[in-house]
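Contents: one structure, followed by commentary.
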Amino acid sequence: MSRSNLLTSPLSDLLAEYCVEVVEVEADRRFTGGTFQRPDGSLLFVRPAGRPVAEWEITARALLGRALRVTLPPLPAPFEVTEL
Numbered sequence: 000m001s002r003s004n005l006l007t008s009p010l011s012d013l014l015a016e017y018c019v020e021v022v023e024v025e026a027d028r029r030f031t032g033g034t035f036q037r038p039d040g041s042l043l044f045v046r047p048a049g050r051p052v053a054e055w056e057i058t059a060r061a062l063l064g065r066a067l068r069v070t071l072p073p074l075p076a077p078f079e080v081t082e083l
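In numbering that gives the first Met the number 0, the protein residues as written are 0 to 83.
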């Protein structure tokens, strides 16, 4: 995947293309989302409930970019991607 494609394609198309399952959970305000790579290689994204769509767009694209090893520009403050 190219950086341009990751940043400009509709998010729903990207998630479908890479078979990303998204679950929504109640979460602390500081949590903006997370990724879990399953043993079979598929991805699960955790989306905090009730958060702005624009925030999810930023978070999901950053998470997908990290999972696919696509280099992206730095996230705007206060967003941060941390690998555990």
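For each residue, glycine too, the CB sits at the ideal point set by N, CA and C.
Please report the Cβ distance between residue i and residue j, rounded to the nearest whole angstrom; I am assuming they are in contact, meaning their Cβ atoms lie under 8 Å.
i, j, result
"Val69", "Leu5", "5 Å"
"Leu71", "Leu13", "The pair is not a contact, with the Cβ atoms about 13 Å apart (cut-off 8 Å)."
Going by DSSP in three states, residue i sits in which element: helix, strand or coil?
i, result
"Glu54", "helix"
"Glu23", "strand"
"Arg28", "coil"
Where do the ends of the alpha helix (DSSP H) carrying residue i lie?
i, result
"Leu71", "Run containing Leu71: none; DSSP gives neither H nor E here."
"Glu16", "10-16"
"Thr7", "2-7"
With residue i as the anchor, note down where its beta strand (DSSP E) starts and where it stops.
i, result
"Thr34", "33-36"
Count the other CB atoms within 10 Å of the CB of residue i; is the residue buried (16 or more) or exposed (fewer)?
i, result
"Thr31", "buried"
"Leu43", "exposed"
"Ala90", "Residue 90 is absent from the structure shown; the chain starts at 0 and stops at 83."
"Thr58", "buried"
Check whether the region 44-54 and the region 19-27 are in contact - that is, three or more C-beta pairs closer than 8 Å. yes
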